[in-house]
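*Asks:* First the structure, which I've put down as structure tokens, then a few questions once you've had a look.
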Amino acid sequence: MLSLTPEQEKMLHGEYGRTKQMAMRLLVDMAATAGATELVPIHSAHLSGVSPLTGGLGLRQFLRRLAEDVSARVAVPTTLNAAGCDANQFAAMRIAAPNFREQSLEIVALYQQLGVQPTQSCTPYEWEGVNCQGTAAWAESNAIAFGNSYCGLLTNRESGLSALASALTGFTPKYGLLEENGRLPNLRVYVTPLLSDPTDFSILGDWIGKQRKASWQMPLGPIPLISGLPAALTHEQKKALTAAAANYGCPLLYIEGEGEAPDGRFQDTLTFSAADLAQRYADLRPRQPVSLVAIGCPQASVGELRAVAELLRGQTLPAGAPPLWVFTSAHNKAIAERTGLAQIIRASGALLLENTCPEVVPYDPTWVRHVLTNSMKAEHYIRSGLNGIPTSVMKLADCVAVALGKWASEEAEASPRHPVTPSPRHPVTPSPRHPIPPSPRHSVTSSPHPSFTAQGRGLPSQGDFCVVAEAFVTDAPITFLGFVNRETAVIEEEGHPANGQSMAGKIAIFPKGSGSTVAPYVLLELFYRGVAPAAIVNTDIDQQSAPACSLEGIPYAYGFDQDVIGQVNSGDVVELRRSGEQISLRVIARGA
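The opening residue of the sequence shown carries number 34 in the working numbering; numbering runs sequentially from there.
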């Protein structure tokens, strides 16, 4: 049972204003979802959801609502994630998305109105003056994994919405990674090759996430204990590893030999071999002309900037070679300016950008047709529905060699490695609902009973409801950002069991969300466009779906006493009913 302090009760009852009331209500809902019994103070917060590309219409409309409460201010030091462009070098970025610069500046200004520090950086752990230890509420997947793994940070994998709620109130529910038993490793990973280049570590992190299995019971995400790595990793190696592992929900990792790892509750053992590493490099190698070389995802550290400068020293990018863009934070760029690194990079003809990151830029598809990067995090999101651009990965030195015209791709003898379906590349005007094809059933190992009923739990802020609709069911987590179409709610992720199916107007039943912490703003946008699920049912704690459901009243349920994924098929007609504290899910009719 959740116990609130007198101050928290006052917030919940609106004595500190509408915005803090809404934030506290969301936290109470999150606490109930997690089974937390108290809300604890935080020392800092970090907010994701800054670029119009990632936050979209949902983010802008939500922040405008908050801005109506002029008294709303954050209660703790709060930093801001990377924006969608370098506003001072916007013309050089050749962004064609309408009103993008204006929308970006508006978003940052609205956050500043709340008292948020406009760092516009995805690497708060590299900033002087940012508290990276103790209890916090951070949203930005790479920063969460890095802070929990190396800095002494205690933060759950917050969504942009839940982190904002914590920033406004100064509290967060105590559960999960804030407790010792929630930080135990649950996956063993043995690494047999000797890794050295940061891109080696990026490939390893992404590979770990790709091994996910439906049988894994990891409500907080994979927490691997990795053996076989060098004795002492550099900052850049650690950063590359955690950022890529976070692609698939890893909030924390342990490296054998670096500190003392707690005893784990291991559910599986993986071995990453030299053949795996070689195969991934072969798969990721560019096989068509490169349009753009993008370095700095997460934003480049001073060490990465130094490495780039050394590769470019005395060199000039030739005409006809792909442009080289180097992304970093304002903090690290200022250091690069003082030390001469920035001058070396710019003298080569490369573009040195601040306040933005490769994954949140709306590239102009008329000239950006293939991106080369040294980051699996960038590869994961640039090729997603955010931009839908084929993306290749090589080591930093090879990436710079391509930009210098010293390395030729395997020309278009092969088709692009990541075939994609054309999708909106920037926020668009709301349009009528698109026709949605019938959804095939998901595959299950059990045989569903003709009549099935299960009992679950709900959010304290939601009252009675009864939703009758077709079921959408998948046993795989859903990555909302970049892999759910914002206009149709169609899953657009190659290899996902529900690829090509839409959640619009259906009772969506899935384990949880995965990927970026900006996901709730995608769900908000689906709601504002009228194509959101009619209701959402999760089996695990989900800091991505539940916050948006809490704010906009989308019926939400979780924690059922039976296997709803195994016993309900896509296409079944389902009733989700709440009466008081009781929530039931009942199959009314089986689909064809």
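Glycine included, every Cβ here is placed at the ideal spot set by N, Cα and C.
Does the region 193-201 come within contact of the region 275-283, defined as at least 3 CB pairs closer than 8 Å?
*Replies:* no
*Asks:* Which residue from Leu357, Pro110, Tyr554 and Ala380 puts its Cα closest to that of Asn407?
*Replies:* Leu357
*Asks:* For Cys283, tell me which candidate among Arg97, Cys390 and Trp240 has the shortest Cα-Cα distance.
*Replies:* Trp240
*Asks:* If we count Cβ pairs, one from each stretch, closer than 8 Å, do we get three or more for the region 566-578 versus the region 73-82?
*Replies:* They do not touch, by the three-pair rule.
*Asks:* Within its chain, find whatever has a CB closer than 7 Å to the CB of Ser484; leave out the 5 residues flanking it on each side and keep chain order.
*Replies:* So the qualifying residues of the chain are Val620.
*Asks:* Can you tell me whether Gln348 is helix, strand or coil according to DSSP?
*Replies:* coil
*Asks:* So does the region 94-107 actually touch the region 227-239, counting three or more Cβ pairs closer than 8 Å?
*Replies:* no
*Asks:* Could you check which residue in Leu60, Thr424, Val335 and Ala125 has the C-alpha nearest to that of Glu191?
*Replies:* Leu60
*Asks:* Tell me, to the nearest whole angstrom, how far the beta carbon of Leu86 is from that of Pro395; I am working on the premise that it is less than 8 Å.
*Replies:* 5 Å
*Asks:* Would you mind working out which of Arg245, Arg346 and Glu412 sits nearest Pro331, comparing C-alpha positions?
*Replies:* Glu412
*Asks:* Buried or exposed: Thr389, going by 16 or more other Cβ atoms within 10 Å of its Cβ?
*Replies:* buried
*Asks:* CB-CB under 6 Å to Thr424, same chain, minus the five flanking residues each way: which ones, in chain order?
*Replies:* Contacts found: Val404, Glu412, Ile415 and Arg416.
*Asks:* Using the beta-carbon count (16 or more within 10 Å), is Gly421 buried or exposed?
*Replies:* buried
*Asks:* Rounded to a whole number of angstroms, what is the C-alpha to C-alpha distance between Leu429 and Leu92?
*Replies:* 34 Å
*Asks:* In the DSSP assignment, find the alpha helix (DSSP H) that holds Ala6 and state where it starts and stops.
*Replies:* With the chain covering 34 to 625 only, the question about residue 6 has no answer from this structure.
*Asks:* Identify whether Tyr591 lies in helix, strand or coil by the three-state DSSP scheme.
*Replies:* strand
*Asks:* In whole angstroms, what is the alpha-carbon distance linking Leu237 and Leu37?
*Replies:* Taking the straight line joining both Cα atoms gives about 43 Å.
*Asks:* Which two residues bound the contiguous beta strand (DSSP E) that contains Glu387?
*Replies:* Leu384 to Glu387
*Asks:* Hey, out of Ala178, Val551 and Ser603, whose CA is closest to Ser535's CA?
*Replies:* Ser603
*Asks:* With DSSP as the reference, label Ala502 as helix, strand or coil.
*Replies:* strand
*Asks:* Taking all protein chains shown into account, do 16 or more other C-beta atoms lie within 10 angstroms of the C-beta of Thr66, making it buried, or fewer, making it exposed?
*Replies:* The residue in question, Thr66, is buried, as its Cβ has 16 or more Cβ neighbours within 10 Å.
*Asks:* What did DSSP end up calling Ala69 once you bin it into helix, strand or coil?
*Replies:* coil
*Asks:* Looking at C-alpha atoms only, which residue of Arg611, Ala552, Thr168 and Asn175 is the closest neighbour of Thr188?
*Replies:* With distances taken between Cα atoms, Thr188 lies closest to Thr168.
*Asks:* Determine the closest residue to Leu186 out of Pro157, Ala273 and Met427, with distance taken between C-alpha atoms.
*Replies:* Pro157
*Asks:* Mind checking whether Trp171 and Gly162 have CB atoms under 8 Å apart?
*Replies:* When the beta-carbon positions are compared, Trp171 and Gly162 stay at least 8 Å from each other.
*Asks:* If we ignore side chains and look at the alpha-carbon of each, how far apart do Ser10 and Val107 end up?
*Replies:* As shown, the chain starts at 34 and ends at 625. That puts residue 10 outside it, with no answer to give.
*Asks:* Report all residues from its chain with a CB closer than 6 Å to the CB of Asp119; omit the five preceding and five following residues, and keep chain order.
*Replies:* Take Asp119, set aside five residues on each side of it, and the residues of its chain with a beta-carbon closer than 6 Å to its own are Leu386, Glu387, Asn388 and Thr389, in chain order.
*Asks:* Between the alpha carbons of Glu101 and Val564, how many angstroms are there, rounded?
*Replies:* So the alpha carbons of these two residues sit roughly 26 Å apart.
*Asks:* In terms of DSSP beta bridges, what is Gln150 paired with?
*Replies:* Thr112
*Asks:* Go ahead and label Ser182 buried or exposed: buried means 16 or more other beta carbons lie within 10 angstroms of its beta carbon, across all protein chains shown.
*Replies:* buried
*Asks:* Name the residue from Asp62, Thr512 and Gly89 whose alpha carbon lies nearest to the alpha carbon of Leu557.
*Replies:* Gly89
*Asks:* If we count Cβ pairs, one from each stretch, closer than 8 Å, do we get three or more for the region 501-514 versus the region 541-552?
*Replies:* Flag = yes, the region 501-514 and the region 541-552 touch.
*Asks:* Cutting at 6 Å between CB atoms, please list the residues of its own chain near Gly209, excluding the five before and the five after it.
*Replies:* Excluding sequence neighbours, Gly209 sits near Asn189, Gly215 and Leu253.
*Asks:* Quick one: which unbroken beta strand (DSSP E) runs of 3-plus residues sit fully inside the region 268-333? Chain order, please.
*Replies:* The region 268-333 contains these whole beta strand (DSSP E) runs: 302-305 and 325-333.
*Asks:* Quickly, what does DSSP pair Phe204 with across the bridge? List them, please.
*Replies:* Pro74
*Asks:* Just mark Val103 as buried or exposed, buried being the case when its beta carbon has 16 or more other beta carbons within 10 Å.
*Replies:* exposed
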